[in-house]
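Structure first, commentary second.
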Amino acid sequence: MSAAPPTTVVPPVEVPAAPVPTVGSHLRDYWARVRGGDMGALPAVLGLIALCVVFTALRPNFMTEGNFANLFTQGAAVVLIAMGLVFVLLLGEIDLSAGFASGVCAAVLAQLVTLQGYPWWVAVAAAIVTGVVIGLVIGFLVAKVGIPSFVVTLAAFLAFQGVVLLLIKGGTNVSIRDEVLVAIANRNMPPWLGWALTLLGVAGYALVQLLRHRNRSALGLVTEPLAVVLIRIGALAVLAGTAVYLLNLERSRNVLVSLKGVPIVVPIIVILLVVLTFVLQRTAYGRHVYAVGGNREAARRAGINVDRIRISVFVICSSMAAIGGIVAASRGTSVDANTGGSKVLLYAVGAAVIGGTSLFGGKGRIVDAVLGGAVIAVIDNGMGLLGRSSGFTFVVTGLVLLLAASVDALSRRRAAATGNR
Amino acid sequence: MSAAPPTTVVPPVEVPAAPVPTVGSHLRDYWARVRGGDMGALPAVLGLIALCVVFTALRPNFMTEGNFANLFTQGAAVVLIAMGLVFVLLLGEIDLSAGFASGVCAAVLAQLVTLQGYPWWVAVAAAIVTGVVIGLVIGFLVAKVGIPSFVVTLAAFLAFQGVVLLLIKGGTNVSIRDEVLVAIANRNMPPWLGWALTLLGVAGYALVQLLRHRNRSALGLVTEPLAVVLIRIGALAVLAGTAVYLLNLERSRNVLVSLKGVPIVVPIIVILLVVLTFVLQRTAYGRHVYAVGGNREAARRAGINVDRIRISVFVICSSMAAIGGIVAASRGTSVDANTGGSKVLLYAVGAAVIGGTSLFGGKGRIVDAVLGGAVIAVIDNGMGLLGRSSGFTFVVTGLVLLLAASVDALSRRRAAATGNR
Amino acid sequence: MSATPLLELRGIDKSFGPVQVLRDVDFSVNPGEVTALVGDNGAGKSTLVKCVSGIYSADGGQVLFEGRPVQIHNPRDAASLGIEVVYQDLALCDNLDIVQNMFLGREKRRGLVLDEPTMEQMAAETLAGLSVRTVKSLRQHVSSLSGGQRQTVAIAKAVLWNSRLVILDEPTAALGVAQTAQVLELVRRLADNGLAVVLISHNMNDVFAVSDQIAMLYLGQMVAQLRTSDVTHAQVVELITAGRSGGLGLAGENGNGKRDTPPTETTSAGADR
Amino acid sequence: MSATPLLELRGIDKSFGPVQVLRDVDFSVNPGEVTALVGDNGAGKSTLVKCVSGIYSADGGQVLFEGRPVQIHNPRDAASLGIEVVYQDLALCDNLDIVQNMFLGREKRRGLVLDEPTMEQMAAETLAGLSVRTVKSLRQHVSSLSGGQRQTVAIAKAVLWNSRLVILDEPTAALGVAQTAQVLELVRRLADNGLAVVLISHNMNDVFAVSDQIAMLYLGQMVAQLRTSDVTHAQVVELITAGRSGGLGLAGENGNGKRDTPPTETTSAGADR
Amino acid sequence: ACGDDAGDGGGSTAEPKIGVILPDSASSDRWETADRKYLEAAFNAAGVKHTIQNAQNDKAQFQTIADQMMTDGVTVLMIVNLDSGTGKAVLDKAKTQGVLTIDYDRLTLGGSAEYYVSFDNEAVGKLQGEGLVKCLTDKGAKNPVIAELNGSETDNNATLFKNGYDGVLKTKYDSKEYTKGPDQWVPGWDNAQAGTIFEQMMTQQNGKIDGVLAANDGLGNAVISVLKRNKLNGKVPVTGQDATLQGLQNILAGDQCMTVYKAIKQEADAAAELAIALAKGEKKAAPTTVKDPEGNRDVPAVLLEPKAIYKENVKDVVADGFITKEALCTGAFAAACTEAGVS
Ligand SMILES: Nc1ncnc2c1ncn2[C@@H]1O[C@H](COP(=O)(O)OP(=O)(O)OP(=O)(O)O)[C@@H](O)[C@H]1O
Ligand SMILES: Nc1ncnc2c1ncn2[C@@H]1O[C@H](COP(=O)(O)OP(=O)(O)OP(=O)(O)O)[C@@H](O)[C@H]1O
Ligand SMILES: [Mg+2]
Ligand SMILES: [Mg+2]
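Residue numbers (my numbering), protein chains in the order written: chain W, 281 to 701; chain D, 281 to 701; chain E, 125 to 397; chain Y, 125 to 397; chain Z, 240 to 582.
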């Protein structure tokens, strides 16, 4: 060891065990992070609250149980498509065809269930399979052939419009009359079922959180204080409980019929939210999605099959588009050449981006799509209540969207200034 | 200098003067680069030629003087908007509102020239100023407030639809009857003028190229052999000459009227192409655009005013959108709520991307927009000749677009495999 | 020294477009030894490593692993042969945290679910062994790490696995005094445990301190591969900066000829010096 | 040694969210001298540099330039004061070529038009002075350069201008033997020409070879700033790894106390050793 | 796949060929499903060459198609304009090329077409207004609140429809018999958007909407699905237009009160007849003229009468061959069909 580092040999030092956090230190850290600009979902939530306050001030009807229920069914299709898009955006890719892919899948559904008379589950399965196939083809063209996803999905965007037209014979409106399919976006669960599912969900969450806490403590790793975990569980319980309570109130305006309960789409969205979040956060696959999005070359060097990941996200995206298409068809009780068209795609991408997903890949969560989708649904819902000319509505919608997004932007600017990126 | 690098002191060695290139070595190098996957504009040009061959085989009418002239006026608006978008894409930003921005500017034009009776040049100036203002606002929101450009321009996309509706009062459409404005996209130059401008252009190009060659040789820098420069000048002359010759043929199918000459939009596009290419390639500003797009942090550290660059590209983009809007208004001799809507934006972005511009910034040229725009114009033009149902047309358009893009993709895949990125 | 080298390269060529970067390169690595790969800036060291690890495909030549010819088309192939690489351009995912980066591509799981606690523990142990003291949390994104901390993470990532050949491309470039000592010690320990180690470094002190053999690249050509004990500091520097030193190295000055002593011989014979 | 330092930092604090990285740091740089800034990985050296060059804004403290307090909000402010920095994370634009990168932000022009031939010539001269031999063409994109070549470009870029203070953050980390020698010589030459130079390096040999003063950071605190002639190799290593050495450095072990000898004094007095 | 002659001689000597440009396929399904079919049939019967294309609601595309058709050598061009501006540009260009033109369904203001063939769009709106009044009267509604869901604000026909039904409803509003409720345009005739808009109308009115004037069957169906969600379907009368399969089924189910049937076959046949004549160099006399206020000329015109369809006369549409019984009377609708006398 002739001329190697001179004289002093320094003993290896342990990574310093961080001090055991307390509730207080936890909150202080959180506040320091927020002040440093690392705000997580906070801006989207604040934007949402601001919007609700404004619309309520302008139209008191905004804050009614009925309108609250409307919000869910109105936003459902966009949120579902946005959830799938998050995967694609996480890789820094784009899927412009997601809107019309949902149209194609809805058209397949309509073909089978209405025109050919198949039972609903065959049609639903066929629609989802269609979505999977679309995703496989797009993914193959992007990952294996190497055409930029913007171009592939622009081509698909055009082609799918044609496919919808061909499937539903040049633009007829095909009605969906199957009771099960119509129920998805138009019926509610009995109140007791809503409560039961809520209870189940909260209990499950509590179990997972507490187990995780125990596990980490047992291994001697740094953990949040138990109190923080409990507070989080409590918050979820209160939030979910309030929502279910409100949705279980009577909202019929007609004394003869009763209208209450949680809309059936809500548990569908919640379940998909949980499942997809699990996939992204707790499985190796999800980890690899983030890795490929963050640094594709590094992921490749780490031995990840990058092509497979890239194909898979398009499959997920198109499958979610299929589900979104089914919900849209259910809500409109019909499929036409516009299903999945017009603003659906831009709203879906917008939802993901407003929620905090980056178009450059590597950053984003499923819940972003839900929060961003909520922002967009609230804007559309509120603007609908104002009832002004289309020109006015367009302008104000644009401005409100901007406003909601600027809350987030200002927080991020702070982060950039202090060097936290 | 106690323990610094030991013993051998190596004398500084000159950067080896590369061997003086010959025509042969130049071609060999080019071929090695092409084989290595660095193909420049080649794939887009090949794709274009392939498309022309296919359409001519299907419909011999495709290859007529009349149709050749049509191509230019049909593609003009999209190409102009795409040229502006290249700047925005070079920074890795996006402008979803470019289409409707052109609509807004066209609406301003129509307002002034038709409804208020101002002379055409006032209206044109006002339209372009509108474009500049739009760009400033978007740029400010993106660069200074820090909202992602996708969100800002999505909001603008919505708002501008409303603005157009408000400006032209709902569903009415406003005719453009001013002769000068109508001429832009609908009239041709007298044949002699076409020849004169061509001559001027080719001579100017030759002058610049030869001067540059002399300059570099004088300083002893590596230069292309003179023969290569001359070949390039000759190729341009032949290409431009052929195009002008074809456009100067009689293409009227009515014996009573004559229809020949280069459409007036062509010199407009060519001049903008030259000016914007000059700005990007030969000025410090252009260099900074590439730098910010390649590595924003590095550009900032090099002392570039990144915010100013970011704002400026949106101004350029919206101004070009304004010009595109004017051309579209001229071609349609009217402005309505759909001007700049439907596929204009996607086609414009698609044009830039097909030409080789990256959505992630740092890579792209103005001529990409023209080549990509030509691909899209040819597809639309050719599909128009086929005359099939709209479902079929949509599907085939998508597929053809994909095909044209895959030429490029396959070449780039080769580049990636050999490590040339 | 074992009979067959673990890794042997024969006549590797590699061009980027018109530029030829590697020219007929031979190179061999024995298990249980540290083979240093040295050369001037731009000599082609990193390119050679990337050809071995499947990042680039070589234009010509043969790769033998344990004497058998192998095809390495991508990093997965390399990993399945037991080759681990620390790249000079570190290739970490900035959007992931330290633990996530260290286990990228080989996450520990329990059933479907990632086993985060185990990974966190293992990461902490490995990092502690590399003298990392200033990392505040293992859950920090690597984008917020200092240059040396990033490098340590990359090294820790490579040595976490049961590999047979570890290639380190300038691993200590950004490291502090104590960390460098730790890494060199680690390199030696790996070799002593029977692994083959390739160490690329510009620091001749480090190279002479830990290596058993030294391979010298000069402008894309392998000028010599010699036992460390058979050369001096000054000779190595001369070989990598001028291509030859005395009777060693390329035949002609700035040579385009073949080397006069084929490396397969020099490795065992040590040649004259 | 001149009376007022060219650059003086007083009580600089910097936190990233909940993590405090710099704590009450004092630092001064004299014109005509090479001041080495050393410290362990993650000590905060790069962060300190970035606070000076306007990449980060410090949370507290004062920056004095020629004795006058200045506000540096972004790299343009720093450049207009005559501060040039070579960053550890090199910050080159991969999509530009070598010449374009070297003149980025200060392009030479003739009227509106870029003066490419002049820039190409100047770049070639500067690079030749830094022993770069393997670069095939100055019109190569920097993405295709080797690690050392990239570093050389970054260094060449910083010394091309008439600056007053040059800060080099581990400039020789990826460089070969000859290139390192050239850069160290360049550093010395810059200082001899009256510029102030800050050199960050982990290589104590280099530090002792060229520096006039050494400033030592330990876990975000400045433990001492001393004349190079007043300390030994071993003392410096001990100071940066343990925070104190004999009477030097922080008062308490792993100290949270103030240093016992304020650096403004130590610079001139050299303290005991 | 084509042996056309290049057609690059003078216009008069060319072989007859008819080009048709349809406007879109999204605002209404008639263009692709009905017009294209009937026109094709008529042209084939007469044995003239033809090409029919759809501009997909894109003006630039519209002009491109027109250019392409002239390049392709059509001698008669029949257009459904997207707006008068582009329409006029196309017609004028055609004129300079010696191509004869027909305005189909939509009049190009200031244009130069030889004929105009259409339904009377204001009359359509009037039928819708009257239909709503009839249905409300049948229900015996007292001072009903009326919601209006207009078509796309950018579609001139939507404005004409609105003029028609507003003419009827305004007298009711003025006489305080009816109350004017929310009144909104649906961008791009988008049905999904229409659903949201109507749902918000309901919210805003606290559910107090007693009659809905929906401008076509698609919008009507969107309204009906919202009403169904609130279990109000059948209680609130909804109008429509186009006599689509969906609309007719909704009428049979009692969810929709009426639709307007436009005998597209008649319109197509009339237009085709004129076009074929023009192509063969004849010039037929038109039964009437329409005043073009902008071009200040009387355009020879064929105007067809729309027809209101209620449950009672759904059978007329089937009898006309517009919709087949098999398609209409599937499963659940068989009984309703019998009841309504569809055979
Ligand atoms: N993708 C590429 N395209 C073109 N040339 C390349 C590319 N990658 C590397 N080169 C060139 O190949 C040569 C060898 O590069 P390499 O990175 O292997 O050098 P190195 O020996 O690792 O140098 P260093 O010590 O500086 O890291 C350099 O001259 C470099 O410019
Ligand atoms: N953006 C950031 N967010 C959070 N922590 C950061 C950030 N940047 C740096 N740090 C932390 O600050 C500390 C100092 O980092 P810095 O880069 O200044 O170290 P350094 O002295 O330059 O080390 P090296 O010798 O490894 O380059 C490190 O612990 C690092 O993890
Ligand atoms: Mg290297
Ligand atoms: Mg550092």
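By construction, the Cβ of each residue, glycine as well, lies at the ideal position given by its N, Cα and C atoms.
Looking from the CA of S268 (chain Y), the closest CA among E:D201, E:R134, E:V143 belongs to E:V143. Interface residue (Cβ-Cβ distance to chain E less than 7 Å): D309 (chain D) is classified as such. At a cut-off of 4 residues, the continuous stretches assigned as alpha helix (DSSP H) that sit fully inside the stretch 586-626 of chain W are 586-612. By the CB criterion at 7 Å, V162 (chain E) and M346 (chain E) fall outside the cutoff. Rounded to the nearest whole angstrom, the C-alpha separation of M309 (chain Z) and P262 (chain Z) is 18 Å. Looking only at D:L446, D:L506, D:E577, the smallest Cα-Cα distance to Q391 (chain D) is reached by D:L446.
When Cβ pairs closer than 8 Å are counted between the two stretches, the stretch 348-362 of chain W is seen not to touch the stretch 582-595 of chain W, the count staying below three. About 7 Å separates the Cβ atoms of L666 (chain D) and R339 (chain D), confirming a contact at the 8 Å cut-off. Not one heavy atom of ligand 3 is found less than 6 Å from the C-beta of S177 (chain E). Around the beta carbon of S177 (chain Y), 16 or more other beta carbons sit within 10 angstroms, so the residue counts as buried. Straight-line spacing of the CA atoms in T410 (chain Z) and A294 (chain Z) works out to 39 Å. If you check the CB distance, I427 (chain D) and S686 (chain W) come in under 7 Å. About 7 Å separates the beta carbon of A520 (chain W) from that of G481 (chain W), a gap short enough to meet the 8 Å contact definition. Remark: the C-beta of G206 (chain E) is outside contact range of ligand 4, defined as less than 6 Å to any heavy atom. When Cβ-Cβ separations below 7 Å define contact, A461 (chain Z) makes contact with chain W. DSSP places G185 (chain Y) within a strand segment (E or B) once states are collapsed to three. Boundaries of the alpha helix (DSSP H) harbouring L363 (chain E): 357-366, taken from the DSSP string. From the beta-carbon of M328 (chain Y), the residues of chain E found nearer than 9 Å are V301. Its chain contains G420, P421, M440, I448, V451 as the residues whose beta carbon lies nearer than 6 Å to that of A386 (chain Z), once the 5 sequence neighbours on both sides are disregarded; these appear in chain order.
At a cut-off of 7 Å between C-beta atoms, G271 (chain Y) counts as an interface residue with respect to chain E.
At a cut-off of 6 Å, the beta-carbon of S170 (chain Y) counts as near ligand 2: some heavy atom of the ligand is closer than that.
Beta-bridge partners of Y500 (chain Z) (DSSP): Z:K546. Taking non-hydrogen atoms of ligand 3 into account, the C-beta of G642 (chain W) is found less than 6 Å away from none of them.
For T528 (chain Z), the enclosing beta strand (DSSP E) covers residues 527-531.
Within chain D, the C-beta atoms nearer than 9 Å to that of Q441 (chain W) come from S670, G671, F674, V675, G678, in chain order.
Here the stretch 621-629 of chain D lies against the stretch 363-381 of chain D, with 3 or more beta-carbon pairs under 8 Å apart. Within the stretch 211-227 of chain E, those residues whose Cβ lies closer than 9 Å to any Cβ of chain W are, in chain order, Y211, D213, L214, A215, L216, C217, D218, N219, L220, Q224, N225, F227. Taking C-beta atoms under 8 Å as the contact rule, N466 (chain W) and T442 (chain Z) fail to qualify, at a distance of about 16 Å.
Contact between S351 (chain Z) and T340 (chain Z) holds, with the beta-carbon distance rounding to 7 Å and staying under 8 Å.
Between the beta-carbon of G671 (chain W) and that of G442 (chain D) there is about 4 Å, and that keeps the pair under the 8 Å contact cut. Within chain Y, the residues whose beta carbon sits less than 9 Å from that of A312 (chain W) are S139, G141, P142, V143, listed in sequence order.
DSSP places L341 (chain E) inside the beta strand (DSSP E), whose first and last residues are 337-342.
For G184 (chain E), no Cβ of chain Y is located within less than 7 Å of the residue's own Cβ.
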